[in-house]
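Protein chains in written order, with this note's numbering: chain X, 15 to 227; chain W, 1426 to 1684.
Everything on this sheet refers to the single structure shown next.
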Amino acid sequence: MVDFIADKWQDILFRSYQHVSLVVQSVLLATIIAIALAVLVTQIPRLRSAANMISAIGLTIPSLALLGLLVPLVGIGTLPPVIAVTFYATLPILRNAVVGLSGVSPTLLESAKGMGMGSLTRFRRVQLPMAWPVIMAGLRVSTQMSMGVAAIAAYVLGPGLGTYIFTGLAQIGGANALNYALVGTFGVVILALLLDAVLLLVSRLTTSKGIRV
Amino acid sequence: MSDATRQVSTVDTGVEDRKTTIRLLIGLPLLCAVILGGWSIWRQTADLDDIEARQLAWGTILELTRQHIVLTLITTAVVLVTAIPAGILLTRGSFRRYSGFVTGFANAGQAAPVIGLIVLLAIWLGFNTRTAVLSLAIYGFLPVLRNTIVGLQQVDQTLVEAARGMGMSAVDVLRRVELPLAMPVIMAGVRTALVLVVGAAAFATFINAGGLGALITTGINLFRYSILVSGAVIIAVVALLVDWAGRVLEVLLTPKGTT
């Protein structure tokens, strides 16, 4: 095991980097999409139930099935994992962003209006900062989930540590099968925990001082 | 931060609002019927080659679906009889102090990729259905455990005290007050586990444990998009129907007056 890791150190680091990079970029994209959708939902309250339904149905679709549907459309390689990870990552953030943004007290928004803020300024300086801790909580859930989805995406030749898990599976009975599977699985778990710690820190630092606990 | 936002930021228990639940209860079967109907029409009219026709024969698909559902149900049963008692135990007496640690661990464990778990256990225990059930059960265990603990902790302690004051024994309080009040959260956890398991059961085929994932691997290996997409569509429909069944159970088992 130690020999295996020492031997493959470069490759493990590179794949870890790919894995985190795929997840971080997809989650960033997902955050933008989710906040934009959530703003739409808070403007038009009738869409709220529809948004909840879409996120419930979306999270039910198994990742292997979604990848299966994507391959004929966009081929194999990096694109299907990016689309799949972004798709799943959007849903928890959307759910939390709707709760967070619509949870902002209307009296606060009205006083902001009274202070002469336009609707964009109100969103940027009052509504978004108030909802931020809840949105960040959704983002953390999304990131944890995305680490697992990204591992599965290796099945369609996506990048990252999932490749090690599938190599382990393909070589079962061989000398290195266990090493590959262990490094792949625990690598993802360790990266997920590290990423979550970073996000917790980011969440603390980006939460406006007045509402920190 | 207000109490309401803190609730959301610590754990999302997955309990849906009433309107969404009702719409999903009606909408999901309709959606599935439309998708399945569309697929059946394609299946009947498509010009399939030998390999496709064999893989997509009605008998084969029904058998794979049966395997998939049986795998899901057995796993869920294993999860229920282990995770709910464990959750109850972790909210009793001196075990209570471990519950924070366990929910934290359960949240972190959610990041473990299920495919890695399946492969690791298969190396250890061999390629068979038992290995698949065990790894899927470990995966589904965490949400049920977490929601059981959270649900029981949410019960208003004054109600528990009132029940004790009325002369109920600890077991009676658990059975007649705490569990009924925690039911919406526990059932949301059970539904989450069902959905996770039915999705992850698609990987069972990687260790020869059957299920609809076979259509996906065959489709990719033989480069037949018709098989691949059929597999994906049927797995998605089965998952949606399992989710729907979970919602029906949730509504039936949640006592009136708790929502």
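Glycine included, C-beta positions come from ideal geometry on N, C-alpha and C.
Taking the straight line between their C-alpha atoms, what separation do you get for residue i and residue j?
i, j, result
"residue 29 of chain X", "residue 175 of chain X", "5 Å"
"residue 1669 of chain W", "residue 1552 of chain W", "31 Å"
"residue 36 of chain X", "residue 1605 of chain W", "43 Å"
"residue 112 of chain X", "residue 69 of chain X", "11 Å"
"residue 1471 of chain W", "residue 1549 of chain W", "43 Å"
"residue 1618 of chain W", "residue 1572 of chain W", "10 Å"
"residue 183 of chain X", "residue 1519 of chain W", "42 Å"
"residue 224 of chain X", "residue 218 of chain X", "12 Å"
"residue 1446 of chain W", "residue 67 of chain X", "8 Å"
"residue 1621 of chain W", "residue 1537 of chain W", "13 Å"
"residue 1461 of chain W", "residue 1625 of chain W", "21 Å"
"residue 146 of chain X", "residue 1498 of chain W", "39 Å"
"residue 1466 of chain W", "residue 1459 of chain W", "11 Å"
"residue 1583 of chain W", "residue 1516 of chain W", "16 Å"
"residue 171 of chain X", "residue 1560 of chain W", "24 Å"
"residue 1657 of chain W", "residue 1594 of chain W", "51 Å"
"residue 1482 of chain W", "residue 1469 of chain W", "10 Å"
"residue 169 of chain X", "residue 1578 of chain W", "40 Å"
"residue 1527 of chain W", "residue 1569 of chain W", "12 Å"
"residue 214 of chain X", "residue 49 of chain X", "19 Å"
"residue 151 of chain X", "residue 210 of chain X", "10 Å"
"residue 1441 of chain W", "residue 1614 of chain W", "12 Å"
"residue 1628 of chain W", "residue 1493 of chain W", "10 Å"
"residue 203 of chain X", "residue 1534 of chain W", "8 Å"
"residue 1435 of chain W", "residue 97 of chain X", "Below a pLDDT of 50, predicted positions are generally treated as unreliable, and residue 1435 of chain W, at 47, falls in that range; the measurement from the model is reported next regardless. Taking the straight line from one Cα to the other gives about 28 Å."
"residue 1643 of chain W", "residue 135 of chain X", "54 Å"
"residue 72 of chain X", "residue 200 of chain X", "27 Å"
"residue 1682 of chain W", "residue 126 of chain X", "39 Å"
"residue 25 of chain X", "residue 85 of chain X", "26 Å"
Taking only beta-carbon atoms, is residue i less than 8 Å away from chain W?
i, result
"residue 158 of chain X", "yes"
"residue 59 of chain X", "no"
"residue 78 of chain X", "yes"
"residue 82 of chain X", "yes"
"residue 129 of chain X", "no"
"residue 63 of chain X", "yes"
"residue 74 of chain X", "yes"
"residue 161 of chain X", "yes"
"residue 66 of chain X", "yes"
"residue 103 of chain X", "no"
"residue 199 of chain X", "yes"
"residue 70 of chain X", "yes"
"residue 191 of chain X", "yes"
"residue 86 of chain X", "yes"
"residue 195 of chain X", "yes"
"residue 11 of chain X", "Residue coverage of chain X in this structure runs from 15 to 227, which leaves residue 11 of chain X outside it and unanswerable."
"residue 182 of chain X", "yes"
"residue 34 of chain X", "no"
"residue 19 of chain X", "no"
Between which two residues does the alpha helix (DSSP H) containing residue i stretch?
i, result
"residue 1633 of chain W", "Taken as a continuous stretch (DSSP letters only), residue 1633 of chain W belongs to no alpha helix (DSSP H), as it is neither H nor E."
"residue 127 of chain X", "120 to 128"
"residue 40 of chain X", "16 to 57"
"residue 1645 of chain W", "1638 to 1646"
"residue 220 of chain X", "191 to 220"
"residue 1671 of chain W", "1650 to 1678"
"residue 1597 of chain W", "1595 to 1598"
"residue 1611 of chain W", "1604 to 1625"
"residue 154 of chain X", "142 to 166"
"residue 182 of chain X", "176 to 184"
"residue 171 of chain X", "Where residue 171 of chain X is concerned, there is no enclosing alpha helix (DSSP H), given that its DSSP letter is neither H nor E."
Using 8 Å as the limit for Cβ to Cβ distance, is residue i near chain X?
i, result
"residue 1441 of chain W", "yes"
"residue 1452 of chain W", "yes"
"residue 1557 of chain W", "no"
"residue 1679 of chain W", "no"
"residue 1638 of chain W", "yes"
"residue 1641 of chain W", "yes"
"residue 1517 of chain W", "no"
"residue 1635 of chain W", "no"
"residue 1541 of chain W", "yes"
"residue 1600 of chain W", "no"
"residue 1654 of chain W", "yes"
"residue 1668 of chain W", "yes"
"residue 1529 of chain W", "no"
"residue 1476 of chain W", "no"
"residue 1568 of chain W", "no"
"residue 1526 of chain W", "no"
"residue 1573 of chain W", "no"
Q.
I'd like the ranges of any alpha helix (DSSP H) spanning at least 4 consecutive residues and lying wholly in the region 70 to 111 of chain X.
A. 77 to 88
Q: Counting only runs of 4+ residues fully inside the region 1481 to 1569 of chain W, write out the alpha helix (DSSP H) ranges in chain order.
A: 1483 to 1514, 1524 to 1534 and 1539 to 1550
(Q) As an exercise, report each continuous alpha helix (DSSP H) stretch of at least 4 residues that is fully enclosed by the region 1442 to 1488 of chain W, in chain order. (A) 1443 to 1470 and 1475 to 1480
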